[in-house]
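Number of protein chains: 2
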Amino acid sequence: MTPPTPVETPLLLLDAQRMRRNLARMRERTDSLGVSLRPHLKTCKNIDVARRMMSTAAGPAAVSTLKEAEYFFEHGVTDLMYCVGIAPSKLEHVAALRRRGCDLKIVLDSVEAARAVGQAVRSTGERFAVLIEVDSDGHRAGVRADDPRLLDVAGALRDAGASLEGVMTHAGESYNCATVEAIAEMAERERAAAVDAATRLRAAGHAAPVVSVGSTPTATCARSLEGVTEVRAGVYVFHDLVMAGLQVCRVGDIALSVLATVIGHQRDRGWVLVDAGWMAMSRDRGTARQRVDQGYGLVCDAAGEPIDGLVMIDANQEHGILASREGPAFDVDRLPLGSLVRILPNHACATAAAFDAYHVRGLDGEPDAVWPRMNGW
Amino acid sequence: MTPPTPVETPLLLLDAQRMRRNLARMRERTDSLGVSLRPHLKTCKNIDVARRMMSTAAGPAAVSTLKEAEYFFEHGVTDLMYCVGIAPSKLEHVAALRRRGCDLKIVLDSVEAARAVGQAVRSTGERFAVLIEVDSDGHRAGVRADDPRLLDVAGALRDAGASLEGVMTHAGESYNCATVEAIAEMAERERAAAVDAATRLRAAGHAAPVVSVGSTPTATCARSLEGVTEVRAGVYVFHDLVMAGLQVCRVGDIALSVLATVIGHQRDRGWVLVDAGWMAMSRDRGTARQRVDQGYGLVCDAAGEPIDGLVMIDANQEHGILASREGPAFDVDRLPLGSLVRILPNHACATAAAFDAYHVRGLDGEPDAVWPRMNGW
């Protein structure tokens, strides 16, 4: 089954030196802001990366699926937060994980969900550990900090016999900010919403010790996290073109790339065809709404240096079309048939998900490695 | 490891009755057009589906990666065409498959690639079986039928000692047609380009017996395939919203859906939140450029009936936001917490790729089944 060639493209490359710098930078940020870091493992879905992200081998960490929770718990991570509003049908699974010793926290934002937890408390004997999700940006889930329902949810959790650990929010809207200043303002909005919600809960007699916020942009740009106890962020470990477009990182910080092989040309159009299409890059076009549209990815040479203005302008399932973003047509002779290129992704979470392993280069004092990735549900 | 709940969402559902109808319809099409059907297995990536698509257990069939070729060959499929221009570094792998008894054909569109095949003929002793890719629509790869280089490539293959089987083309541009009439015209263009190329090759003394064309839209709408020997198509097995938008199928023909659970609401905005986001649906927004933009998918009830105008208007990694496509806000009480919905995908190939299995319902005289899917490279 092992193909006879050592490198068959497309392949997911991970530059461990860049990853190390990204990790150190976020660690400095959260240290200087005086908050704990709960890395979100939905980006990496691999224990080797996770161990480099986490403060201890047991966590804390955040996950986006129960399958991630299972995987990381089996690899020794016990302090986990499942950051997607709990479906009532998943409570038995959560209880089973908790019985096995996984301190898996759940989130919810409604009285209905709190009542479902109450039913599960009665049927499983588990008290669960619950955070109320706060809506800080109108982006998706959560109850607003000033909404009377916030206290209703907390009351329903008390009635349910569940343990209210605190509040959490995620300013996903930060991905749409135009400037670093705007991200810093979004971070302040995220902080204020979470702290306000916790303050209201505490005033009503709930302990609510945890105030959890975060996204990579807001964590990077926040000026103060007063009142916050922990930050969740994930994509910073690899970074990507969307983060670079937000000025949250530089293109040179992006640790993840797809290695592809040139399979042909359309000389008259200045096109180079490669064997990585949207299946490898994902269909994410997150830079389309940014100042610089990077198509399906920014093309680098095999050493990782960007080739001026060459992007994947279009993609089919297993074909990528590389061309100049603007200006004169690309001189296709610069990339003859069989050349290797590295393509930086718009969105690390989406691109990594197409692959079952990272090919890791640049590990300190260790040979190159292959780290498996989990996917799915 | 098995979750305690029998159905944990998101889950990929396959309606076997719809699939059967789709398969019968395409089989009737190709029979009545007098051509062989070479189903493209890049959509299903599963042998149980593939066996229902193919004329015989051994093929013919098309694949988009060598990993697919390995997988299907191990399951008894020997007549395979790898439909992505060959990378020189993959020729040894192709040769290894052919030595093991897999009649794996390759495609290329340049003298450079033909010369690389020549080197591999010498180093491996394999003659290979090669089709020249013809560009019928300016969409991606291929040499135009009237380009002098067509004969240069054929000549280079002869010099290489390789076996030129014929020509192949794919009118991917058919996905951008506005009407069935336009697709039929594109089908005629696809047919004419392939037949012209084969005619020129034969006039120059090359045998070129195979004339292979295809895409689901052109295969569905072609009026004549005179001179064509085989049609390749894949997505017709499941169909999707892009195909429905092209009027190549009806929404009721779409056999694939993502089962998701309601995890919350934003009542004031008429939003329903579910536990399937872009990781499950993919980032494909193929209907964005069509007459009806279906967002990230069209929402049906648990029985598969569309809920009038409810679509996934936005998606995060594991969150989907359902709302009315237009008009008054959706009455969220129609989908209480814990409700199950089925979401039809924009693009079956992309959505299926997020999952490692199909949950199959409606098999004739058989219980529901779980069919594994392969992914990656």
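Top line first, the protein sequences correspond to chains R and V. The first sequence lines up with residues 978 to 1354 when you count with this note's numbering. The second sequence lines up with residues 978 to 1354 when you count with this note's numbering. Think of the CB as a built atom: it goes at the ideal place given N, C-alpha and C, for glycine as much as any other residue.
Contacting residues, own chain, Cβ-Cβ under 6 Å from residue i (five flanking each side not counted)
i           : result
Gly-1272(V) : Val-1288, Met-1289, Ile-1290
Ala-1118(V) : Gly-1062, Asp-1086, Glu-1110
Arg-1121(V) : Asp-1112
Met-1058(R) : Ala-1039, Lys-1082
Arg-1126(V) : Val-1120
Pro-1344(V) : none
Cys-1226(V) : His-1216, Met-1220
Val-1157(V) : Cys-1198, Gln-1224
His-1324(R) : Asp-1217, Val-1219, Asp-1261, Gly-1263
Trp-1248(R) : Ile-1298, Ala-1300
Ser-1151(R) : Ile-1160, Met-1163, Ser-1192, Pro-1194, Thr-1195
Residue i: contacting residues in chain V (beta-carbon distance under 8 Å)
i           : result
Leu-1250(R) : Gly-1062, Arg-1117, Ala-1118
Ala-1093(R) : Leu-1314, Gly-1315
Ser-1259(R) : Ser-1259, Arg-1260
Residues that residue i contacts on chain V, provided the C-beta gap is smaller than 7 Å
i           : result
Trp-1348(R) : Within chain V, no residue comes near Trp-1348(R); the closest Cβ sits about 14 Å away, beyond 7 Å.
Cys-1326(R) : Gln-1294
Ile-1298(R) : Arg-1117
Within chain R, the residues that residue i reaches when beta carbons sit closer than 7 Å
i           : result
Glu-1150(V) : Residues of chain R passing the Cβ test: none, with the nearest at roughly 11 Å.
Thr-1055(V) : Ordered by position in chain R, no residue passes the 7 Å Cβ test against Thr-1055(V), which lies about 17 Å from the chain.
Asp-1086(V) : Gly-1241
Candidates the options: closest to residue i by CA position
i           : options                                            : result
Pro-1065(R) : Val-1088(R), Phe-1049(R), Gly-1053(R)              : Val-1088(R)
Arg-1302(V) : Gln-1294(V), Ser-1316(V), Asp-1310(V), Pro-1283(V) : Pro-1283(V)
Leu-991(R)  : Gly-1115(R), Asn-1352(R), Pro-1313(R), Val-1214(R) : Val-1214(R)
Pro-987(V)  : Met-1351(V), Ala-1159(V), Tyr-1335(V), Gly-1342(V) : Tyr-1335(V)
Gln-1267(V) : Val-1212(V), Ala-1221(V), Pro-1037(V)              : Ala-1221(V)
Cys-1021(V) : Arg-1006(V), Ser-1013(V), Phe-1049(V), Leu-1014(V) : Phe-1049(V)
Ala-1090(V) : Gly-1297(V), Asp-1129(V), Met-1030(V)              : Asp-1129(V)
Val-1153(R) : Gln-1224(R), Arg-1177(R), Val-1188(R), Gly-1211(R) : For the sequence presented, residue 1153(R) should be read as Asn rather than Val. For the residues Gln-1224(R), Arg-1177(R), Val-1188(R), Gly-1211(R), the minimum Cα distance to Asn-1153(R) belongs to Gln-1224(R).
Leu-1317(R) : His-1070(R), Arg-1028(R), Ala-1280(R)              : Ala-1280(R)
Asp-1124(V) : Pro-1322(R), Arg-1244(R), Asp-1270(R)              : Arg-1244(R)
Met-1258(R) : Glu-1167(R), Leu-1299(R), Asp-1114(R)              : Leu-1299(R)
Leu-1141(R) : Gly-1115(R), Thr-1238(R), His-1183(R)              : His-1183(R)
Gly-1315(V) : Ala-1001(V), Leu-1014(V), Ile-1240(V)              : Ile-1240(V)
Val-1084(V) : Gln-1096(V), Ala-1106(V), Gly-1078(V)              : Ala-1106(V)
Arg-997(R)  : Val-1235(R), His-1070(R), Asp-1025(R), Glu-985(R)  : Asp-1025(R)
Arg-1135(R) : Arg-1077(R), Thr-1156(R), Gln-1096(R)              : Gln-1096(R)
Val-1208(V) : Met-1003(V), Ala-1237(V), Ala-1292(V)              : Met-1003(V)
Asn-1352(R) : His-1324(R), Leu-1018(R), Leu-1321(R), Arg-1166(R) : Leu-1018(R)
Asp-1114(V) : Leu-1202(V), Gly-1286(V), Arg-1076(V), Glu-1165(V) : Glu-1165(V)
Leu-1312(R) : Asp-1278(R), Gly-1304(R), Ala-1155(R)              : Asp-1278(R)
Pro-1305(R) : Val-1269(R), Arg-1319(R), Asp-1285(R)              : Asp-1285(R)
Ala-1329(R) : Val-1212(R), Val-1228(R), Val-1309(R), His-1242(R) : Val-1212(R)
Gly-1254(R) : Ala-1001(V), Asp-1008(V), Asp-1056(V), Cys-1326(V) : Cys-1326(V)
Leu-1356(R) : Asp-1333(R), Gly-1204(R), Asn-999(R), Cys-1079(R)  : Not covered by the structure: residue 1356(R). The range shown for chain R is 978 to 1354.
Cys-1079(V) : Cys-1060(V), Asp-1056(V), Val-1094(V)              : Asp-1056(V)
Chain V residues whose Cβ lies nearer than 9 Å to that of residue i
i           : result
Glu-1089(R) : Gly-1241, His-1242, Pro-1313, Leu-1314, Gly-1315
Close Cβ partners of residue i (< 7 Å) along its chain, the five nearest in sequence each way excluded
i           : result
Met-1256(V) : Gln-1294, Glu-1295, Ala-1331
Ala-1072(V) : Ala-1097, Thr-1101, Glu-1103
Ala-1034(R) : Arg-1028, Gly-1053
Thr-979(V)  : Annotation note: pLDDT 40 at Thr-979(V) (below 50); position unreliable, no value reported.
Rounded Cβ spacing between residue i and residue j (contact assumed at less than 8 Å)
i           : j           : result
Thr-1042(V) : Trp-1348(V) : Between Trp-1348(V) and Thr-1042(V) the Cβ distance is about 19 Å, and since that is not below 8 Å, they are no contact.
Arg-1092(R) : Ala-1133(R) : 6 Å
Leu-1068(V) : Ala-1046(V) : About 13 Å; that fails the 8 Å criterion.
Val-1054(R) : Thr-1206(R) : About 19 Å; that fails the 8 Å criterion.
Met-1163(R) : Ala-1148(R) : 5 Å
Arg-1006(V) : Ala-1196(V) : 6 Å
Ala-1210(R) : Gly-1191(R) : 5 Å
Arg-1383(R) : Gly-1138(R) : For residue 1383(R) there is no data in the structure shown, the boundaries of chain R being 978 and 1354.
Gly-1274(V) : Leu-1233(V) : So it is not a contact: roughly 10 Å between Cβ atoms.
Arg-1319(R) : Leu-1236(R) : 6 Å
Asn-1023(V) : Arg-1338(V) : No, Asn-1023(V) and Arg-1338(V) are not in contact; Cβ-Cβ is about 15 Å, not under 8 Å.
Contacts that residue i makes with chain R (C-beta to C-beta distance below 8 Å)
i           : result
Gly-1353(V) : Ala-1331, Phe-1332, Asp-1333
Thr-1042(V) : Glu-1295
Residues near residue i by beta carbon distance below 8 Å, same chain, minus five either side
i           : result
Val-1144(R) : Leu-1108, Ile-1109, Glu-1110, Val-1111, Ala-1171, Ala-1174, Ala-1175, Leu-1178, Ala-1185, Val-1187, Val-1188, Ser-1189
Leu-1340(V) : Ala-993, Ala-1346
Glu-985(V)  : none
#### Entry: Within the region 1174–1215 of chain R, ranges of the alpha helix (DSSP H) (whole runs, at least 4 residues)
1193–1198
### Query
At which residue ranges does the region 1274–1330 of chain V contain complete alpha helix (DSSP H) runs of 4 or more residues, listed in the order of the chain?
1325–1329
#### Entry: Complete runs of the alpha helix (DSSP H) confined to the region 1213–1256 of chain R [at least 4 residues]
1218–1222
### Query
Which ranges does the alpha helix (DSSP H) cover as unbroken runs of at least 4 residues, wholly within the region 1057–1132 of chain V, from first to last along the chain?
1068–1076, 1088–1101
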